[in-house]
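Note sheet for the following structure.
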Amino acid sequence: MKIMNNITYRQAGDYLLPNLTLPESEMKVTLGRYGMMHKKFLKENKKLMYSKLMISGTLMSHCKKVEDEAKERFITLMSQI
Numbered sequence: 003m004k005i006m007n008n009i010t011y012r013q014a015g016d017y018l019l020p021n022l023t024l025p026e027s028e029m030k031v032t033l034g035r036y037g038m039m040h041k042k043f044l045k046e047n048k049k050l051m052y053s054k055l056m057i058s059g060t061l062m063s064h065c066k067k068v069e070d071e072a073k074e075r076f077i078t079l080m081s082q083i
């Protein structure tokens, strides 16, 4: 095992592969309809932002925030009808 830039690596044949894990908080997030739709939108249309969020380990929490906002707007709109 080798450590560079605070990242540990493991040897796989001739290559060094990083030992990557998701933060514990990201693993506990479950997405509903709007969160999944936003994640799909990012993956298909905003590839750079999707990659940045994925690499930083904040993709799921970002999608959860979008889902919560969408639910709040839905409730607000339904109460106005």
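In this text, residue positions in the sequence shown follow the numbering used here: the first is 3, and each later residue adds one. Cβ coordinates follow ideal geometry from the N, Cα and C atoms, glycine included. All of these numbers come straight from a predicted model, not from anything done at the bench.
According to the DSSP assignment, Ile9 belongs to the beta strand (DSSP E) that extends over 9-14. Collapsing the DSSP output to three states places Leu44 in a helix. Here Leu19 carries a strand assignment [DSSP, helix/strand/coil].
In this structure Met62 is buried. Its beta-carbon is surrounded by 16 or more other beta-carbon atoms within 10 angstroms.
Here the alpha carbons of Tyr36 and Lys30 stand approximately 17 Å from one another. Just so you know, the alpha carbons of Asp70 and His64 end up roughly 10 Å apart. Annotated as proximal: Lys41 and Leu33, with beta-carbon spacing under 9 Å. Between Thr60 and the set Ser81, Phe76, Pro25, Gln13, the nearest pair of CA atoms involves Pro25.
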